[in-house]
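Heads up: the structure comes next, in C-alpha cells.
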Amino acid sequence: MNKLVALSLAIGGVGGVMTWIYTSTPLALSIPISFIAWACFVAAGGNNKALSSTITAWLWGAVVAWLTALVLIPNLGGLPAGLGVPASIAISVFVLIYGTKVKAFSLAPGAVYGYAAFFTAFLAGTDALQSASLGNPLILTALSGIAGAVLGLVALNVSASLGK
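Here the sequence shown is numbered in this note's numbering, starting from 242 and rising by one per residue.
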C-alpha cells in the first residue's frame, strides 16, 4: 500500500476511534487538545524518545499555565490599566521557556503547546482549578495530551504495518 494512503488510513482510523471513545464513553477528554499533542509528537520525531519528550514538556507547559491561572493572575490583577494578566503571562512564559533548559522539558514547542492547550480549556470556562476532575483544565489538558501523544504512536505503528 502507498505510504501516504497507509498514513491517511491510520490517522483517520485512530482519530475516529479516539473521537468515539471521547464522545461515547465516560472518558470525555478533549479531541482538539489530543490532536495538538499528537501533532507535536509526530513533529518531534514520532519515536519513543519523541513520545517521552512530548509528554514531559507538555505537562511542564500545562503546570506552568495552571500555576499562572491559580497564583499569578489573581495576585497581579491589581496592577494599573489591565496590566495584571499581561504581566502574569509575560512572567510565566519566561519561566516556561527558561525551564526548557531541564532536559525532561527541553522540547520547547511541546511546552508551549501544553501551556496554550491549558489556557484553551481554561478560557472555555471553568472555576475548577483545584478540582480532581476533568473539569480542572490541568487534568483535562494533561490527560488529553498524554492520550494524544500515545495515539500518535499507535497511528504511526498502524501506518507502518499497512504501508509495507
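Just so it is clear, CB atoms sit at the ideal spot from N, CA and C, and this is done for glycine as well.
Assumed close pair residue i, residue j - CB separation to whole angstroms, cut-off 8 Å
i, j, result
"Leu348", "Ala285", "6 Å"
"Thr260", "Cys281", "At roughly 19 Å, the Cβ-Cβ gap does not stay under 8 Å, so Thr260 and Cys281 are not in contact."
"Phe359", "Ala303", "5 Å"
"Leu397", "Gly287", "5 Å"
"Trp299", "Ala278", "6 Å"
Simplified DSSP state of residue i, which is helix, strand or coil
i, result
"Met242", "coil"
"Thr361", "helix"
"Gly393", "helix"
"Pro267", "coil"
"Val343", "coil"
"Ala303", "helix"
"Ala373", "coil"
Closest residue to residue i among the options (Cα-Cα distance)
i, options, result
"Tyr356", "Gly287, Val246, Thr309 and Val258", "Thr309"
"Leu311", "Asn377, Ser402 and Gly287", "Asn377"
"Gly371", "Tyr354, Ile314 and Trp307", "First, the residue type needs correcting, since residue 371 is Gln and not Gly in the sequence shown. Comparing Cα positions, the closest option is Trp307."
"Ala345", "Lys290, Ala369, Pro327 and Thr361", "Lys290"
"Leu392", "Thr264, Leu245, Val283 and Ser265", "Val283"
Could you tell me whether the segment 272-286 touches the segment 375-388, using the rule of 3 or more Cβ pairs below 8 Å?
-> yes
Using 8 Å as the threshold, is the segment 310-324 in touch with the segment 388-401, meaning 3 or more CB pairs across them?
-> no
Between the segment 244-264 and the segment 328-343, do three or more beta carbon pairs fall short of 8 Å?
-> Counting Cβ pairs under 8 Å, fewer than three are found: no touch.
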